[in-house]
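A.B. asks:
Chains as they are written, first to last, in the numbering used here: chain A, 1 to 118; chain B, 1001 to 1873.
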């Protein structure tokens, strides 16, 4: 979507935790809803458990904003798979960088210990 | 599909249909997989936890989705409004005017009829009347002795108080100033526990000097006047500049030096004493059981209802009737919520205004409904296209209703602004006796009313558009325009227009009845001539005139010197016509108690009856020779003559007052009193010179030119006779008459204004329908003209169509007016509620106005070029 490329992903920050996790789960390729739910729960060791209502509210919003799109690959009659768009990837990246900067600030102030070897 | 999936799909119905359509299947699939996973993990309660978290999540998420749908629908509606600015402006303005009228009238109604009085515990305050078997529907004042017994015996009333009235002259360095005051008994500040602006309420020390006496001017000897006063906020600002030093200051009221002990809060008024500028303590004379002249109030005890308190007072009244039969036989106390008591005189008027405003709103709704219908008809291609692309009927209905609600919301906003702007004007047109006008404002309740009314109006108007929207959606695309002319949408529009005409006619008939009523009232024979007559209130301090002959001397000097002023034709002391001032007096026909009559008595000086222009039917007026040394004389009115000597000439007849013979020397036509529309009661005019203990305190002056031109001279005369006497209640009799007719006149103005608005809206409705019809019939008109029809034939065809529309509206309007004619019973005077003249005039007015609205489209139709029309076909 060439028109979306002109948008500054920072205008969409900060993302909520749930939105970021959904985008993150699509980084490695298309997935349908249940796989997204499952992947988020496993990645966060059960700390973040999305329910279907929240998930599809997020999916609807991300579709509207052009951060994800439906993918024919992985879709069936009763399930649709979703994949990140370029814009969605840049938004996710911008959010990750924002969090990294926050982390660096916390480490610089000795609020958090730096990882060994850093 | 298994049972859990069916249940889950049922749960998903809390989401909007579009959301379910887009994601419902996926959500069901995902939930099934989650259930399978939970079952496989084998943890206890896993499926139950899944159901719980999913249900909570769905219920929390669904409102967001609905709001999102609403946001999109509102944005779409606003885009539609921007695309059609002219029509949108018309619809919003029409709704704004209709809703604004209702908002303004509702704010009046809510303040006067429903809002609690602005005192602590205002909803527990009651007025206490004494009613008699003879006049069960009108409460009277109460007697001091009865009040004292209620106060002693009642357990359901926490506090009771009586309020009396007084007028005093404030004497200072400048001109003396006439002030109205209220006098209150000990319990008043417990009944109304207000916080004073400064100072303190009355205490026992203030009442102690007055105990055992009646603080009024009619007792023999020097009356004990209160030595303290609490002044109104405005008076405090005016006399003392709002300074704290006012407390403890001394002022002179009549002959008494009075200490200011308190200042009332700004805006404080008490029902019945709205004009009081000072308040003083009073100890009612508890020996007076038959004289009923006080107003009594009470506060219900906590947890006590009005009916419980009434039941207790009924028992007390029965006991007092048994103990004091002469005074209390057939009398009992009646409680009424003070708020209702205050509003009793204007309740009917306000409900009539609410009904009239609602009628205008209905007509406005019909207009906007027609606009939305026409819009929907014009968008049939859009609706059909969207249906073809998958939009459901429910979706179209929801969006159409949202558009209508957005119109209504914008109309409601305009209404609130209009009402805020119009409130002062509405207040000025309210009946003069309307209480609490200063409290009228747009508050939370009024805004809530406007919001609810806007939603109702939006739904009502949207209903019409929904019919067109769903009808258009179901028809195939490319459907011929002509078919729309005969479709249900068109018939609905015609029906709305007929309804508008009907309601406008009903309002016009009401206006006609009120107009005839006002004419009947202004055509009443007043019995006097109000032109060029000035009424001036005198304020003599009676202790100064207690010496025998002093009163007569004072009155004679005033009358003689005022009569001698340039421009004065006649002058005399007596009560002001159309005002209070007469009092009830027991007279006997033959000196014994056998034939006792109660007459209204007016104590008048020579020249009074001439000054007011009373018509002498027989005998003579009261003259300068009717002094205390001469036999008592009286002049009666026609009502007295009919009642007491129906078949005889009253001249030379005798009445007895206080066992003294009084000869009737004159007969005058009835002079109307305070209640302009009530038939005058039997009245006796007595000579003031022969009544040394009775004061009337008004001077009526007839002038050859402008009555107010002599006022300065009259002030100088009074100043030279008694420097400490202020003039009060200065007005011409024409002003007095204007005040008396003001309630009728103001009501007519308001209802008439509503009626004109309704007629305008109905006319616009008729114009819209006929104009649309002409547009749709252009090809038909072209064919007719091509086949030989003339412009005149086209005129007749269009006007006949309009006439048929108007005729149906008028027939329904007549039926409405006849069905509701009883509503007008209490608002008309000497006019039948089915008055043919009013009905005919209203029909002609409505027919004329609505047919006039058709002239423009009819002319357009007559000018159709058949060639262009046929090309269009």
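C-beta: ideal position from N, C-alpha, C; glycine also.
Terminal residues of the continuous beta strand (DSSP E) containing residue 1600 (chain B)?
C.D. replies: 1596-1604 is the extent of the beta strand (DSSP E) around residue 1600 (chain B).
A.B. asks: Less than 6 angstroms between C-beta atoms, sequence neighbours within five positions excluded: which residues of the same chain meet that for residue 1458 (chain B)?
C.D. replies: For residue 1458 (chain B), where only same-chain residues beyond five positions count, the Cβ hits under 6 angstroms are 1404, 1405, 1408.
A.B. asks: Quick check on residue 16 (chain A): does DSSP put it in helix, strand or coil?
C.D. replies: It is coil, neither helix nor strand.
A.B. asks: Just reading off the beta strand (DSSP E) that residue 1165 (chain B) is part of, what are its end residues?
C.D. replies: First-last of the beta strand (DSSP E) with residue 1165 (chain B): 1157-1171.
A.B. asks: What do you reckon, are the CB atoms on residue 1181 (chain B) and residue 1255 (chain B) nearer than 8 angstroms?
C.D. replies: Contact: no.
A.B. asks: Does the stretch 63-74 of chain A come into contact with the stretch 41-53 of chain A, if we say contact requires no fewer than three beta-carbon pairs (one atom in each stretch) closer than 8 angstroms?
C.D. replies: Verdict: no, contact absent.
A.B. asks: Less than 8 angstroms between the CB atoms is what I'm expecting for residue 1288 (chain B) and residue 1145 (chain B), so what's the real figure, rounded?
C.D. replies: With 8 angstroms as the limit, residue 1288 (chain B) and residue 1145 (chain B) qualify as a contact, their Cβ atoms being about 6 angstroms apart.
A.B. asks: Nearest by alpha-carbon distance to residue 1414 (chain B): which of B:1102, B:1187, B:1122, B:1502 is it?
C.D. replies: Of the candidates B:1102, B:1187, B:1122, B:1502, the one whose C-alpha sits nearest the C-alpha of residue 1414 (chain B) is B:1102.
A.B. asks: Between residue 1773 (chain B) and residue 1801 (chain B), which are expected to be in contact by the criterion C-beta below 8 angstroms, what is the C-beta distance as a whole number of angstroms?
C.D. replies: About 7 angstroms; that satisfies the 8 angstroms criterion.
A.B. asks: Let's see if you can read the secondary structure: which residues bound the beta strand (DSSP E) around residue 82 (chain A)?
C.D. replies: Residues 81-84.
A.B. asks: Taking buried to mean at least 16 other C-beta atoms within 10 Å of its own C-beta, is residue 1295 (chain B) buried or exposed?
C.D. replies: The residue in question, residue 1295 (chain B), is buried, as its Cβ has 16 or more Cβ neighbours within 10 Å.
A.B. asks: Below 8 angstroms, can you find three or more Cβ-Cβ pairs linking the stretch 1331-1347 of chain B to the stretch 1122-1133 of chain B?
C.D. replies: Result yes; three or more Cβ-Cβ pairs closer than 8 angstroms.
A.B. asks: Using CA atoms only, rank isn't needed, just tell me which of B:1023, B:1002, B:1068 is closest to residue 1036 (chain B).
C.D. replies: Ranking B:1023, B:1002, B:1068 by Cα distance to residue 1036 (chain B) puts B:1002 first.
A.B. asks: On a CA-only basis, which of A:85, A:16, A:48, A:22 is nearest residue 7 (chain A)? Give me that one, please.
C.D. replies: Looking at the Cα atoms, A:85 is the closest of the given residues.
A.B. asks: By alpha-carbon positions, which one of A:83, A:47, A:14 ends up nearest to residue 26 (chain A)?
C.D. replies: With distances taken between Cα atoms, residue 26 (chain A) lies closest to A:83.
A.B. asks: When you compare only the Cα positions, how much space is there between residue 1874 (chain B) and residue 1263 (chain B)?
C.D. replies: Since the first residue of chain B shown is 1001 and the last is 1873, residue 1874 (chain B) is not available in this structure.
A.B. asks: For residue 1587 (chain B), which beta-bridge partners are listed by DSSP?
C.D. replies: Answer is B:1597.
A.B. asks: Count the CB pairs spanning the stretch 1384-1391 of chain B and the stretch 1347-1365 of chain B that are closer than 8 angstroms, and state whether there are at least three.
C.D. replies: No, because fewer than three Cβ pairs between the stretch 1384-1391 of chain B and the stretch 1347-1365 of chain B fall closer than 8 angstroms, the two stretches do not touch.
A.B. asks: Residues in its own chain within less than 7 angstroms of residue 1862 (chain B) by CB, not counting five upstream and five downstream?
C.D. replies: Hits under 7 angstroms: 1791, 1794, 1795.
A.B. asks: Measure the alpha-carbon distance for residue 1215 (chain B) versus residue 1239 (chain B) and round it to whole angstroms.
C.D. replies: A caution first: residue 1215 (chain B) carries a pLDDT of 43, below 50, which makes its placement in the model too unreliable to give a value.
A.B. asks: Are the stretch 1322-1337 of chain B and the stretch 1080-1093 of chain B touching, with three or more C-beta to C-beta distances below 8 angstroms?
C.D. replies: Output reads no: the stretch 1080-1093 of chain B does not touch the stretch 1322-1337 of chain B.
A.B. asks: Ignore the nearest five residues each way along the sequence and tell me which others in residue 1435 (chain B)'s own chain have a CB closer than 7 angstroms to its CB.
C.D. replies: Taken in chain order, the residues that qualify are 1112, 1271, 1342, 1343.
A.B. asks: In chain B, which residues lie less than 7 angstroms from residue 51 (chain A) when you measure between Cβ atoms?
C.D. replies: Result: 1053, 1054, 1057.
A.B. asks: On a CA-only basis, which of B:1292, B:1422, B:1710, B:1535 is nearest residue 1883 (chain B)? Give me that one, please.
C.D. replies: The requested residue 1883 (chain B) is not part of the displayed model; chain B covers only 1001 to 1873.
A.B. asks: Between the C-alpha atoms of residue 1455 (chain B) and residue 1804 (chain B), what's the straight-line distance to the nearest angstrom?
C.D. replies: Straight-line Cα distance between these residues: approximately 34 angstroms.
A.B. asks: Pick helix, strand or coil for residue 1279 (chain B), following the three-state DSSP scheme.
C.D. replies: Three-state result, residue 1279 (chain B): strand.
A.B. asks: Could you tell me which residues DSSP pairs with residue 1570 (chain B) in its beta bridges?
C.D. replies: Answer by DSSP bridge pairing, in chain order: B:1702.
A.B. asks: Can you pull the chain A residues whose beta carbon is under 9 angstroms from the beta carbon of residue 1027 (chain B), in chain order?
C.D. replies: Near residue 1027 (chain B) (Cβ distances below 9 angstroms), the residues of chain A are 33, 52, 53, 55, 56.
A.B. asks: Helix, strand or coil for residue 1660 (chain B)? Go by DSSP, reduced to three states.
C.D. replies: The answer is strand: DSSP assigns residue 1660 (chain B) an E or B state.
A.B. asks: Using a beta-carbon distance cut-off of less than 8 angstroms, what residues from the stretch 75-91 of chain A approach chain B?
C.D. replies: Listed by position along the chain: 78, 79, 80.
A.B. asks: Check whether the stretch 1542-1558 of chain B touches the stretch 1390-1401 of chain B, counting contact only when three or more Cβ pairs, one atom from each stretch, lie closer than 8 angstroms.
C.D. replies: Counting Cβ pairs under 8 angstroms, fewer than three are found: no touch.
A.B. asks: What did DSSP end up calling residue 1776 (chain B) once you bin it into helix, strand or coil?
C.D. replies: Helix.
A.B. asks: What's the gap between the Cα of residue 1359 (chain B) and the Cα of residue 1422 (chain B)?
C.D. replies: Each residue's Cα considered, the two are about 19 angstroms apart.
A.B. asks: At the level of alpha carbons, what is the spacing between residue 1051 (chain B) and residue 1031 (chain B)?
C.D. replies: Looking at the two C-alpha atoms, the distance is approximately 9 angstroms.
A.B. asks: Along chain B, in chain order, which residues have C-beta atoms closer than 8 angstroms to that of residue 37 (chain A)?
C.D. replies: Per Cβ cutoff of 8 angstroms: 1030, 1034.
A.B. asks: With three or more beta-carbon pairs closer than 8 angstroms as the criterion, would you say the stretch 1197-1210 of chain B touches the stretch 1301-1315 of chain B?
C.D. replies: No: fewer than three Cβ pairs fall under 8 angstroms.
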